[in-house]
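Counting from 1, position 68 in the sequence shown corresponds to residue 232 in this note's numbering; the numbering is continuous, with no gaps.
Ideal Cβ positions, reconstructed from N, Cα and C, are used throughout, including at glycine.
First up is the structure itself, then whatever we jot down about it.
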Amino acid sequence: MVIRPQVKKQKEHQALLSKLGKGDEIITRGGIIGKITGVSDDGILVVELQDKVRVRIPRAYVEGRWAPAKSTESAGKSSESAA
Numbered sequence: 165m166v167i168r169p170q171v172k173k174q175k176e177h178q179a180l181l182s183k184l185g186k187g188d189e190i191i192t193r194g195g196i197i198g199k200i201t202g203v204s205d206d207g208i209l210v211v212e213l214q215d216k217v218r219v220r221i222p223r224a225y226v227e228g229r230w231a232p233a234k235s236t237e238s239a240g241k242s243s244e245s246a247a
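Have a look at this one:
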């Protein structure tokens with residue numbers, strides 16, 4: 165039995181995966197962060213990790229879009245100035 169909030173979360177994740185395209189920064193379930201440089205029709209994404217380093221991953225292995233947390237950077241600066 166699947167709980168209702170879990171079904172909603174699965175639908176949101178599927179919608180996110182369907183909207184991914186070239187230029188989006190993503191994070192995989194394994195924690196790999198990169199930028200999408202290509203998308204094939206069979207559900208495979210070409211992800212650039214750094215200059216001239218590209219990997220192919222299935223779309224289903226994408227956890228979500230990558231947006232670095234700015235709050236941790238500002239928290240680190242404020243604790244340094246307090247010391």
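Continuous alpha helix (DSSP H) stretch holding residue 173: start and end
For the purposes of this step, residue 173 is taken as residue 9 along the sequence shown, with counting starting at 1. Element bounds for residue 173: 168 to 183.
Among all the DSSP beta bridges, which residues are the ones paired with residue 229?
Translated into the one-based positions of the sequence shown, residue 229 becomes position 65. According to DSSP, residue 229 bridges with 190.
Residues near residue 227 in its chain [Cβ-Cβ closer than 7 Å; skip 5 each side]
What you label residue 227 is simply residue 63 of the sequence shown in a count that begins at 1. Taken in chain order, the residues that qualify are 191, 192, 193.
With a threshold of 7 Å (Cβ to nearest heavy atom), would residue 184 be considered close to the ligand NAP?
Although the ligand NAP was asked about, the structure shown includes no ligands whatsoever.
Residue 209 classed as buried or exposed, judged by whether at least 16 other C-beta atoms fall within 10 angstroms
Taking the sequence shown and counting its residues from 1, one reaches residue 209 at position 45. Looking at its Cβ environment, which holds 16 or more other Cβ atoms inside 10 Å, residue 209 is buried.
Residue 181 and residue 223 closer than 8 Å at C-beta
Locating residue 181 in the sequence shown gives position 17, where the first residue counts as 1. Locating residue 223 in the sequence shown gives position 59, where the first residue counts as 1. Yes, these two residues count as a Cβ contact at 8 Å.
Span separating the alpha-carbon of residue 189 from that of residue 206:
Your numbering for residue 189 matches position 25 in the sequence shown. Your numbering for residue 206 matches position 42 in the sequence shown. The alpha-carbon atoms of residue 189 and residue 206 are separated by roughly 20 Å.
Endpoints, beta strand (DSSP E) assigned at residue 199
Numbered from 1 along the sequence shown, position 35 holds the residue referred to as residue 199. Element bounds for residue 199: 197 to 203.
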